[in-house]
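According to the numbering used here, the stretch in the sequence shown is residues 3 to 420, in order.
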Amino acid sequence: MSGSTLLKETGPREVFCGLTSIVWLHRRMPDAFFLVVGSRTCAHLIQSAAGVMIFAEPRFGTAILEERDLAGLADAHEELDRVVKNLLKRRPEIRTLFLVGSCPSEVIKIDLSRAAERLNTQFQGKVTVINYSGSGIETTFTQGEDGALKALIPLLPSSTKQQLLLVGTLANPVEDRLKTIFKRLGIQNIDSFPPRQSTELPSIGTGTKVLLAQPYLTDTARELKNRGAEIIQAPFPLGVQGSTLWIEAAANAFNVNKSLIDSTLEPLIIRAQKALKPYIEKLSGKKLFLLPESQLEIPLARFLHNECGMQLVEVGVPYLNREMMKSELDLLPENTRIVEGQHVEKQLDRVRANQPDLVVCGMGLANPLEAEGISTKWSIEMVFSPIHGIDQSSDLAELFARPLHRHNLLTQKTLETV
Ligand code: SF4
3 MSGSTLLKET GPREVFCGLT SIVWLHRRMP DAFFLVVGSR TCAHLIQSAA GVMIFAEPRF
63 GTAILEERDL AGLADAHEEL DRVVKNLLKR RPEIRTLFLV GSCPSEVIKI DLSRAAERLN
123 TQFQGKVTVI NYSGSGIETT FTQGEDGALK ALIPLLPSST KQQLLLVGTL ANPVEDRLKT
183 IFKRLGIQNI DSFPPRQSTE LPSIGTGTKV LLAQPYLTDT ARELKNRGAE IIQAPFPLGV
243 QGSTLWIEAA ANAFNVNKSL IDSTLEPLII RAQKALKPYI EKLSGKKLFL LPESQLEIPL
303 ARFLHNECGM QLVEVGVPYL NREMMKSELD LLPENTRIVE GQHVEKQLDR VRANQPDLVV
363 CGMGLANPLE AEGISTKWSI EMVFSPIHGI DQSSDLAELF ARPLHRHNLL TQKTLETV
């Protein structure tokens, strides 16, 4: 393990809740519907976060529990059954219905697993109903995907087939490119989880080697392991270095010949490193502070330091899974300050004291920091952008160069008008 300084901090947090992951999960599985069992706050979050991106009829909704539902849980169950019945009547194309729990106290009291069981009996054969929690008390925003995938695992059929399973939502074109590379390496059986249709679930068993595409799937990885799968230890596919090591780790697990790996990856690496050059000039030497939110912070810090020359002031993470992050931690420079958890006030004090050139943070903190003259990048953009793989490295670097460029333009303009 690297000589990083690992610290823990607790206190007030400023992060999005797990409901946010519905935004990319509903795009990934168009035959699934995400029904948030929550309050008006949850409805506003999901509509403002996702609504703007929906042009067809949405594949998510909120069963809002009104005050009167507090009167008795029986009412709440009846209300939920009524909403589900109406929804399935109106949308017969739904194949999987996710009941997503939230944090209002009246929702916590409802046993959603029992509700899912009851609805499964009622709609047997037509739709599969499963539940997970996206509550802000239990989850940060990417953990919503972890919860949804974990809930699907009991439905995966068993098989001992030798296969590579890519786990974690990727943009479809990026996933297609990665699969093409693996096929060129001679790995023929490749599946992905979550699948592109909720009914096309991959099989799982002792012949399955799991390659995690996202670093926030702790519970999912544990459950897949419990079903007999082997988790391939690798960094995550961000940047040239991370993506190369990620592909190599899978190739080694399938005993692919080294010369085939090198000849397949070398042209991609050369092209990506060339495309990265203009961004290295813009980012090199700049001070970077990452606040905890997406769980992508460690792989991003590794990429921005090792390949773009940025200086790491602090790398905040919502939680640190040392086993899953081992390969990433090994690649970080000595003495990287990693802070697990958050005390938002203290962390902001450290941001101000260090005056970084760029802060990666949640949307709620970005505006106040910008008002103080500090450039920011929303961490949520990383989960909506196609940033994985060797080919995407320059696009990833560009996401961080853009706010610095804007900051320069604004500063110049201010000087000119003074
Ligand atoms: S789940 Fe909790 S944190 Fe998330 S929107 Fe609903 S009330 Fe807010």
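Here a beta-carbon is modelled for each residue, glycine too, at the ideal position from N, C-alpha and C.
Review point. Would you call the CB atoms of residue 372 and residue 237 closer than 8 Å?
Key: Working through the sequence shown from its first residue, we reach residue 372 at position 370. Working through the sequence shown from its first residue, we reach residue 237 at position 235. It is not a contact, given that the beta carbons lie outside the stated cut-off.
**Study point:** Helix, strand or coil at residue 40 [DSSP, three-state]
**Key:** Here residue 40 refers to the residue found at position 38 when the sequence shown is read from its first residue. The answer is strand: DSSP assigns residue 40 an E or B state.
Review point. Is residue 41 near the ligand SF4, judged by its Cβ being under 7 Å from some heavy atom?
Key: Position 39 of the sequence shown, counting from 1, holds the residue named residue 41. If you check the C-beta of residue 41 against the ligand SF4, you find a heavy atom less than 7 Å away.
Check your understanding: Counting along the chain, where does the alpha helix (DSSP H) carrying residue 304 start and finish?
Key -> Walking along the sequence shown from the start, residue 304 turns up at place 302. Where residue 304 is concerned, the enclosing alpha helix (DSSP H) stretches over 299 to 308.
**Study point:** Nonlocal neighbours in the same chain, by C-beta distance under 7 Å from residue 187, ignoring five residues either side
**Key:** Within the sequence shown, the letter at position 185 stands for residue 187. Closer than 7 Å at the Cβ level, and outside the excluded window around residue 187, lie 253, 258, 262, 263, 266.
**Study point:** Bounding residues of the alpha helix (DSSP H) (the contiguous stretch that carries residue 222)
**Key:** One-based indexing of the sequence shown puts residue 222 at position 220. Following the DSSP letters along the chain, one finds residue 222 inside the alpha helix (DSSP H) bounded by residues 220 to 228.
Check your understanding: Can residue 386 and residue 306 be called in contact, C-beta distance under 8 Å?
Key -> If you number the sequence shown from 1, residue 386 lands on position 384. If you number the sequence shown from 1, residue 306 lands on position 304. No.
Exercise for review: From the DSSP output, in three-state form, read off residue 318 for me.
Suggested key: Here residue 318 is taken as the residue at index 316 of the sequence shown, counted from 1. Three-state result, residue 318: strand.
**Study point:** First through last residue of the alpha helix (DSSP H) which encompasses residue 25
**Key:** In the sequence shown, residue 25 corresponds to position 23, counting from 1. First-last of the alpha helix (DSSP H) with residue 25: 24 to 30.
Exercise for review: Work out the CA separation of residue 337 and residue 350 for me, nearest whole Å.
Suggested key: The sequence position of residue 350 within the sequence shown is 348, counting from 1. The sequence position of residue 337 within the sequence shown is 335, counting from 1. Residue 350 and residue 337: Cα-Cα distance of roughly 21 Å.
Exercise for review: For the alpha helix (DSSP H) holding residue 328, just list the boundary residues, first then last.
Suggested key: Reading the sequence shown from its first residue, position 326 is the one you call residue 328. Segment 328 to 333, the alpha helix (DSSP H) holding residue 328.
Review point. Just checking, does the stretch 200 to 216 make contact with the stretch 348 to 362 on the three C-beta pairs under 8 Å criterion?
Key: Contact between the stretch 200 to 216 and the stretch 348 to 362 is not established, with fewer than three Cβ pairs separated by less than 8 Å.
Check your understanding: Looking at residue 47 and the ligand SF4, is the gap between the Cβ and the nearest heavy atom below 7 Å?
Key -> If you number the sequence shown from 1, residue 47 lands on position 45. Residue 47 Cβ: within cutoff of the ligand SF4.
Check your understanding: How do the stretch 193 to 203 and the stretch 229 to 244 stand: do at least 3 beta-carbon pairs fall below 8 Å, yes or no?
Key -> no
Check your understanding: Excluding five sequence neighbours on each side, which residues of the same chain lie with their C-beta closer than 6 Å to the C-beta of residue 366?
Key -> Along the sequence shown, one-based indexing puts residue 366 at 364. Excluding positions up to five away in sequence, the list reads 16.
Point to revise | First and last residue of the uninterrupted alpha helix (DSSP H) at residue 291 | key: Position 289 of the sequence shown, counting from 1, holds the residue named residue 291. It is not in any alpha helix (DSSP H) - residue 291 instead sits in the beta strand (DSSP E) that spans 289 to 292.
Check your understanding: Should residue 315 and residue 340 be called a contact, given that it needs their Cβ atoms to be closer than 8 Å?
Key -> Start at 1 with the first residue of the sequence shown, and residue 315 comes out as number 313. Start at 1 with the first residue of the sequence shown, and residue 340 comes out as number 338. Not in contact: residue 315 and residue 340 (Cβ atoms no closer than 8 Å).
Exercise for review: Could you tell me if the beta carbon of residue 188 falls within a distance shorter than 7 Å of some heavy atom in the ligand SF4?
Suggested key: As a first step, residue 188 must be located in the sequence shown, where it is residue number 186. Residue 188 Cβ: outside cutoff for every heavy atom of the ligand SF4.
Practice item. Would you tell me roughly how many angstroms separate the C-alpha atoms of residue 50 and residue 139, rounded to the nearest one? Key: Translated into the one-based positions of the sequence shown, residue 50 becomes position 48. Translated into the one-based positions of the sequence shown, residue 139 becomes position 137. Rounded to whole angstroms, residue 50 to residue 139 spans 20 Å at the Cα level.
Exercise for review: State the DSSP-derived secondary structure class of residue 128, mapped to helix, strand or coil.
Suggested key: Position 126 of the sequence shown, counted from the first residue, corresponds to residue 128. Coil at residue 128, not helix or strand.
Point to revise | Residues that residue 248 bridges to, as DSSP identifies them | key: The sequence position of residue 248 within the sequence shown is 246, counting from 1. Partner(s): none; residue 248 has no beta bridge.
Exercise for review: Taking the CB atoms as reference points, tell me whether residue 302 and residue 363 lie closer together than 8 Å.
Suggested key: In the sequence shown, the residue the question calls residue 302 occupies position 300. In the sequence shown, the residue the question calls residue 363 occupies position 361. No, Cβ-Cβ distance for residue 302 and residue 363 is not below 8 Å.
Point to revise | Cβ-based neighbour list, residue 30, same chain, cut-off 6 Å, excluding 5 preceding and 5 following | key: Position 28 of the sequence shown, counted from the first residue, corresponds to residue 30. So the list reads 171, 196, once near-sequence residues are dropped.
Review point. How is residue 364 classed by DSSP in three states: helix, strand or coil?
Key: Here residue 364 refers to the residue found at position 362 of the sequence shown. Note: residue 364 maps to coil in three-state DSSP.
Exercise for review: Note down the Cα distance separating residue 332 from residue 317, rounded to an integer number of angstroms.
Suggested key: Walking along the sequence shown from the start, residue 332 turns up at place 330. Walking along the sequence shown from the start, residue 317 turns up at place 315. Each residue's alpha carbon lies about 15 Å from the other.
Review point. Is any heavy atom in the ligand SF4 found nearer than 7 Å to the beta carbon of residue 21?
Key: If you number the sequence shown from 1, residue 21 lands on position 19. Checking every heavy atom of the ligand SF4 against the Cβ of residue 21, one is found closer than 7 Å.
Check your understanding: Where DSSP assigns a beta bridge to residue 410, which residues make up the other side?
Key -> As a position in the sequence shown, residue 410 is number 408, starting the count at 1. According to DSSP, which records beta bridges pairwise, residue 410 is partnered with nothing at all.
**Study point:** Three-state class that DSSP yields for residue 34 in the structure shown
**Key:** Position 32 of the sequence shown holds residue 34. Collapsing the DSSP output to three states places residue 34 in a strand.
Point to revise | residue 441 to residue 48 span [Cα, whole Å] | key: What the structure shows of the chain is the stretch from 3 to 420, and residue 441 is not part of that stretch, so it cannot be assessed.
Review point. Whole-angstrom Cβ separation of residue 222 and residue 152, contact assumed at under 8 Å?
Key: For the purposes of this step, residue 222 is taken as residue 220 along the sequence shown, with counting starting at 1. For the purposes of this step, residue 152 is taken as residue 150 along the sequence shown, with counting starting at 1. Your pair residue 222 and residue 152 checks out as a contact, with CB atoms roughly 5 Å apart and the cut at 8 Å.
Review point. Do you know offhand how far residue 127's Cα is from residue 201's?
Key: Residue mapping note: residue 127 aligns to position 125 of the sequence shown, counting from 1. Residue mapping note: residue 201 aligns to position 199 of the sequence shown, counting from 1. If you take the alpha carbons of residue 127 and residue 201, they lie about 12 Å apart.
Point to revise | residue 11 in three-state terms, based on DSSP | key: To locate residue 11, count along the sequence shown from 1; it is residue 9. Correct three-state label for residue 11: strand.
Check your understanding: For the stretch 156 to 171 against the stretch 101 to 118, are there 3 or more C-beta pairs whose distance is under 8 Å?
Key -> no
Review point. Would a check of beta-carbon distances place residue 331 closer than 8 Å to chain C?
Key: Here chain C cannot be found, since the structure has a single protein chain.
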